[in-house]
Every structure is written in C-alpha cells, then in structure tokens.
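A.B. asks: Be aware that the sequence shown starts at 9, since it is given in our numbering, and climbs by one per residue.
Every residue gets a Cβ at the ideal spot worked out from N, C-alpha and C, and that includes glycine.
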Amino acid sequence: MQRSTDRVLTTHVGSLARPEALLDTMREKEHGRPYDADLFARQVTDAVADVVARQREVGIDVVADGEMGKVSFATYVQRRLDGFSPDSGERLLPPSWQVEIDAFPEYYAGYLGKYTKTVAPMQSIACVGPVSYTGQEELQTDLANLHKALAGVSGVVEAFMPSTSPRGFGRNEYYPTDREYYEAVGEALREEYLAIVDAGFVLQVDDPWLIEILSDPSLEPGERDRTAREHAEIVNHSLRGIPTEKIRLHTCYGLNHGPRVHDIGMGEVAPYMLGIHAGAYSFEVANPRHMHEWKVWQDLPLPDGAVLIPGLLGHAQNYVEHPELIADMIGWYASCVGRENVIAGADCGFSSRASYAPEVHPSVVWEKFRALSAGAAIATQRLWG
Numbered sequence: 009m010q011r012s013t014d015r016v017l018t019t020h021v022g023s024l025a026r027p028e029a030l031l032d033t034m035r036e037k038e039h040g041r042p043y044d045a046d047l048f049a050r051q052v053t054d055a056v057a058d059v060v061a062r063q064r065e066v067g068i069d070v071v072a073d074g075e076m077g078k079v080s081f082a083t084y085v086q087r088r089l090d091g092f093s094p095d096s097g098e099r100l101l102p103p104s105w106q107v108e109i110d111a112f113p114e115y116y117a118g119y120l121g122k123y124t125k126t127v128a129p130m131q132s133i134a135c136v137g138p139v140s141y142t143g144q145e146e147l148q149t150d151l152a153n154l155h156k157a158l159a160g161v162s163g164v165v166e167a168f169m170p171s172t173s174p175r176g177f178g179r180n181e182y183y184p185t186d187r188e189y190y191e192a193v194g195e196a197l198r199e200e201y202l203a204i205v206d207a208g209f210v211l212q213v214d215d216p217w218l219i220e221i222l223s224d225p226s227l228e229p230g231e232r233d234r235t236a237r238e239h240a241e242i243v244n245h246s247l248r249g250i251p252t253e254k255i256r257l258h259t260c261y262g263l264n265h266g267p268r269v270h271d272i273g274m275g276e277v278a279p280y281m282l283g284i285h286a287g288a289y290s291f292e293v294a295n296p297r298h299m300h301e302w303k304v305w306q307d308l309p310l311p312d313g314a315v316l317i318p319g320l321l322g323h324a325q326n327y328v329e330h331p332e333l334i335a336d337m338i339g340w341y342a343s344c345v346g347r348e349n350v351i352a353g354a355d356c357g358f359s360s361r362a363s364y365a366p367e368v369h370p371s372v373v374w375e376k377f378r379a380l381s382a383g384a385a386i387a388t389q390r391l392w393g
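Here it is, written out as structure tokens:
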C-alpha cells in the first residue's frame with residue numbers, strides 16, 4: 009500500500025454511478041428477464057475503462073472500478089455464494105435506522121422513496137445450507153476489467169477493489185450458532201479476498217456492520233462490546249495470512265442520509281475498528297455529525313505501519329466541499345498521525361446500489377473529486393513546503 013511520502017494522496021471508497029444504458033441491461037438481468045449477456049459484458053468493461061480514466065482526469069491517485077458490474081456493494085455476493093435461498097420473512101431495517109425513522113417519520117416517509125429508482129429491490133435471503141464460494145467467474149471478470157482499464161491510463165498510484173465483509177446480507181437458518189454462520193461466510197469470502205490481492209490490487213473490506221453492531225439499541229453495552237469483538241475476530245480470521253499492507257478497511261454509518269442525531273461517536277468506534285487487521289482505515293469525517301472528531305486521534309495511537317483515510321467528501325449531499333476546508337481537514341489528521349499516514353478519501357460510496365438516482369448526482373461527484381485533488385495539493389504545500 010502506497011503512503012503519502014512526498015505529497016498527500018487521494019482516493020475514494022469505491023462505488024460510482026453506472027451509465028444509464030448499463031443500468032437498463034442490469035435491471036433485466038436482476039429481475040431474471042431475458043437480457044443480452046454479451047452486451048452486458050461489453051457495457052461493464054467499457055464503463056470500468058471510462059470510470060478509471062475519469063478518476064485520473066480529476067486527480068484521484070488510488071482508483072477503483074466503481075463497482076460497475078455490481079448491483080450493490082454488499083448484496084452482489086448473493087450471486088457468488090452457495091447455501092442461500094430467498095427469505096420469505098419480512099426484511100427489517102437495521103436497528104440504527106429504525107431509531108432515526110421513529111424520531112423523524114415525516115422525513116423518512118419521503119426519503120425511503122428514493123429506493124424505487126434502483127435497478128432491483130434488495131432481496132432478503134436466508135442461509136439454508138453449507139456456504140461456499142461460487143463466484144469465481146464473475147470475480148475474474150471484475151479483475152480483468154480493472155487490469156484492462158489501468159492499462160489505458162497513466163499516473164495511477166495504486167488500484168483497490170472493494171469486497172464485502174462477512175455480515176449483513178442474509179439470515180442464518182442452517183448453522184447451529186450465528187458465530188458459526190459468519191465464520192462460514194468469512195471462509196467463503198476469503199477466496200475473493202485472496203484473489204483480489206493475488207491479482208495485484210489492494211483489498212478493501214466494506215464493513216458498515218461494525219458500526220451497526222455498536223449502534224444497536226436492542227443490545228446492552230456489554231453485548232455490543234462482545235458482538236463487536238467477535239465480529240472483528242471473524243473478519244481477522246477471514247483475512248489471515250494476507251499482509252496488512254494489502255488491506256484497507258472501510259467502515260461507516262451506513263447509507264442513511266438523514267438527520268443522524270443518534271450516531272455513536274468515532275471515539276467509541278475507533279478502538280474496535282483498529283482491532284481489525286488492516287494497513288489503512290477509511291471512515292466518515294465530512295458528515296457534519298463527525299467532522300469534529302479528528303481530535304480522537306490525538307490520543308489514540310495507530311497500529312505500526314497503518315494509514316488513515318478520513319472521508320473528506322460527503323456522500324449524502326450535493327454540496328462540493330471547498331479545497332481550503334479539505335486542506336484544513338488533512339492538516340488536522342496529519343497533526344495527529346503524521347503527514348505520511350494520511351490519504352484523503354470520501355465518507356462512503358457515491359452509488360452504493362445500482363440506481364437511476366444515485367446518492368449524489370454523477371456530475372457533482374466528479375467536481376467533488378476535483379476539489380479533493382485541489383485540497384490535497386494545498387495541504388501538500390503546507391505540509392512539505
């Protein structure tokens with residue numbers, strides 16, 4: 009994993025808006041209707057090439073494939089894991105969401121309507137048999153598309169590929185305990201983790217579930233602590249043997265773009281986050297509920313060799329952050345952990361689900377990336393002279 013050795017590097021979290029023509033084909037595919045598989049493959053390949061080139065054009069150093077071929081950052085694995093079937097039970101929102109919905113019902117009555125613009129609804133699934141990984145072909149296509157796209161551009165410092173953590177997308181109806189279930193999912197996903205690293209990319213583990221565990225109001229504090237530690241152990245086991253410098257962990261407060269007055273503080277999250285073995289840690293900062301929390305890192309030491317990727321671009325609003333503010337925020341973190349240990353990132357993905365109405369308008373996302381690059385340049389001048 010590259011570091012900000014002589015300038016502040018820039019990156020983001022992963023998902024970006026898919027082209028509308030690709031969404032049209034993906035919609036038919038996800039609904040099980042006839043679609044042109046060759047057309048879909050070409051559309052994904054072309055979309056990855058375009059999105060990688062555009063990342064470099066606007067100044068992103070550490071790039072990704074934008075998750076062009078995935079229906080969502082997490083539920084894509086439903087196509088890559090065996091042992092699951094559709095769940096007829098009611099799909100429940102995460103507890104942290106329900107607290108906010110109960111507090112602001114009028115807001116959420118309108119907000120939740122945006123999910124009608126996705127290419128397919130999120131399907132509830134249940135584990136009904138032994139979990140195994142069957143997504144080798146899709147994964148190899150993703151890896152090949154990213155390699156091909158990188159060959160067409162210059163100036164990329166590094167490339168990463170997101171993969172979900174072993175939690176949050178299915179209910180256990182097969183294994184004797186939930187721990188055994190998550191361990192089995194982690195062992196299956198380990199095949200994907202290893203393949204990403206073996207292909208020469210940095211693996212990003214997407215793990216909003218860590219904060220969800222710590223935010224769950226239905227759990228007593230002791231139970232939250234135990235569950236979060238257990239979750240970290242399971243993720244670490246699935247990552248065993250992979251050099252930490254090839255792993256970055258992303259955790260966040262989820263896709264809930266609401267008031268968020270019930271968010272727990274980063275000071276409560278960070279010790280558990282650092283308990284997951286990674287070389288870099290990506291988390292929310294531009295979210296104004298958490299912008300002030302850089303001070304946590306004045307007293308919390310980083311693991312040896314680790315890097316912070318504070319999110320300096322908001323994924324829940326269409327304002328474009330000012331480069332001077334971005335430079336200031338980079339300076340806050342550099343003052344705590346050292347300039348070489350900060351990479352400028354984003355709070356979360358900008359199209360976590362394939363949607364005709366992504367979280368932030370695509371034209372605004374590219375302007376945000378330009379602002380991030382400009383802010384990193386200002387911070388570089390301040391920190392290196």
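State the Cα-Cα distance for the pair H265 and A324, rounded to the nearest angstrom.
C.D. replies: Those two C-alpha atoms are separated by around 5 Å.
A.B. asks: Please name the residue in G230, V210, E228, A236 whose C-alpha comes closest to that of W217.
C.D. replies: With distances taken between Cα atoms, W217 lies closest to A236.
A.B. asks: Can you tell me the Cα-Cα spacing of L147 and G393, whole angstroms?
C.D. replies: When rounded, the distance between both Cα atoms is 43 Å.
A.B. asks: Go ahead and label R234 buried or exposed: buried means 16 or more other beta carbons lie within 10 angstroms of its beta carbon, across all protein chains shown.
C.D. replies: By the neighbour-count rule (16 or more Cβ atoms within 10 Å), R234 is not buried but exposed.
A.B. asks: Whole angstroms are fine: how far does the CA of G194 sit from the CA of Q212?
C.D. replies: One C-alpha to the other measures close to 14 Å.
A.B. asks: Suppose contacts are defined by Cβ-Cβ distances below 8 Å. Is I386 in contact with P318 by that definition?
C.D. replies: No; because the gap between Cβ atoms is not below 8 Å, this pair is not in contact.
A.B. asks: Applying the 10 Å Cβ sphere with the 16-neighbour rule, what's the burial state of E114?
C.D. replies: Burial call: exposed.
A.B. asks: So, using beta-carbon positions, are Y182 and I242 closer together than 8 Å?
C.D. replies: No, these two residues do not count as a Cβ contact at 8 Å.
A.B. asks: Exposed or buried, L101, counting other C-beta atoms within 10 Å across all chains shown (16 or more means buried)?
C.D. replies: Exposed, by the Cβ-count rule.
A.B. asks: Can you tell me which of the three DSSP states I351 falls into?
C.D. replies: Coil at I351, not helix or strand.
A.B. asks: As a quick exercise: from A286, T388, A159, G357, pick the residue whose alpha carbon is nearest that of D336.
C.D. replies: When only C-alpha atoms are compared, the closest one is T388.
A.B. asks: Apart from the five residues just before and just after T33, which ones in its own chain have a Cβ nearer than 8 Å to its Cβ?
C.D. replies: For T33, where only same-chain residues beyond five positions count, the Cβ hits under 8 Å are Y43, D44, L47, F48, Q51.
A.B. asks: Name the two residues that bound the continuous beta strand (DSSP E) containing R256.
C.D. replies: From DSSP, the beta strand (DSSP E) with R256 extends over 255-258.
A.B. asks: Is it the case that the segment 337-351 contacts the segment 242-255, given that we only count it when at least three CB pairs across the two stretches are under 8 Å?
C.D. replies: Output reads no: the segment 337-351 does not touch the segment 242-255.
A.B. asks: So, V136 versus A192, is the Cβ gap smaller than 8 Å?
C.D. replies: Going by C-beta atoms, V136 is not nearer than 8 Å to A192.
A.B. asks: Tell me the residue span of the alpha helix (DSSP H) that contains V60.
C.D. replies: Run containing V60: 45-65, per the alpha helix (DSSP H) assignment.
A.B. asks: Under the rule that 16 or more other beta-carbon atoms within 10 Å means buried, what is R41, buried or exposed?
C.D. replies: Exposed, by the Cβ-count rule.
A.B. asks: Taking C-beta to C-beta, are A314 and A352 nearer than 8 Å?
C.D. replies: Cβ atoms of A314 and A352: not closer than 8 Å.
A.B. asks: Ignoring anything shorter than 4 residues, give me the alpha helix (DSSP H) runs that lie fully in the segment 151-219, in order along the chain.
C.D. replies: Qualifying alpha helix (DSSP H) stretches, in chain order: 186-206.
A.B. asks: For T142, I'd like the list of residues in its chain whose CB is within less than 8 Å of its CB, leaving aside the five on either flank, ordered along the chain.
C.D. replies: Only R88, L89, D90 meet the Cβ criterion.
A.B. asks: Could you spell out the range, first to last residue, of the beta strand (DSSP E) harbouring P309?
C.D. replies: Looking at the DSSP string, P309 is not in any beta strand (DSSP E), and its letter there is neither H nor E.
A.B. asks: Would you report the Cα separation of E228 and Y261, rounded to the nearest angstrom?
C.D. replies: When rounded, the distance between both Cα atoms is 19 Å.
A.B. asks: Where Y84 and S173 are concerned, what is the direct C-alpha to C-alpha distance, given to the nearest angstrom?
C.D. replies: Each residue's Cα considered, the two are about 12 Å apart.
A.B. asks: Using a 10 Å radius around the Cβ and a threshold of 16 neighbouring Cβ atoms, would you call P251 buried or exposed?
C.D. replies: P251 comes out exposed.
A.B. asks: Hey, how far is the Cα of A167 from the Cα of A55?
C.D. replies: Those two C-alpha atoms are separated by around 16 Å.
A.B. asks: Taking only the alpha-carbon atoms, compute the straight-line gap between V328 and R179 and give it to the nearest angstrom.
C.D. replies: Straight-line Cα distance between these residues: approximately 39 Å.
A.B. asks: How close, in whole Å, do the beta carbons of I334 and L320 come, if the pair is a contact with beta carbons under 8 Å?
C.D. replies: Sure, about 5 Å apart at Cβ, within 8 Å.
A.B. asks: How would you write the range of the beta strand (DSSP E) that A128 sits in, first residue to last?
C.D. replies: Counting along the chain, A128 falls outside any beta strand (DSSP E), and DSSP gives it neither H nor E.
A.B. asks: Determine the extent of the beta strand (DSSP E) in which S140 is found, giving its start and end residues.
C.D. replies: Segment 133-141, the beta strand (DSSP E) holding S140.
A.B. asks: Name the DSSP beta bridge partners of V71, please?
C.D. replies: DSSP, once it has assigned bridges, lists A167 as partnering V71.
A.B. asks: If you run the structure through DSSP and keep just helix, strand and coil, what is R35?
C.D. replies: Three-state DSSP puts R35 in a helix.
A.B. asks: Among the residues of its own chain, which have a CB less than 7 Å from the CB of P170, if the five just before and after it don't count?
C.D. replies: So the qualifying residues of the chain are G22, A72, E75, F81, Q212, D214.
A.B. asks: Runs of 4 residues minimum, wholly inside the segment 232-308: which ones carry the alpha helix (DSSP H) assignment?
C.D. replies: Here the runs fully enclosed are 274-282.
A.B. asks: Excluding five sequence neighbours on each side, which residues of the same chain lie with their C-beta closer than 7 Å to the C-beta of E253?
C.D. replies: Contacts found: M9, G287, G313.
A.B. asks: State buried or exposed for V210, treating a residue as buried only when at least 16 other CB atoms are found within 10 Å of its CB.
C.D. replies: Per the 10 Å Cβ criterion, buried.
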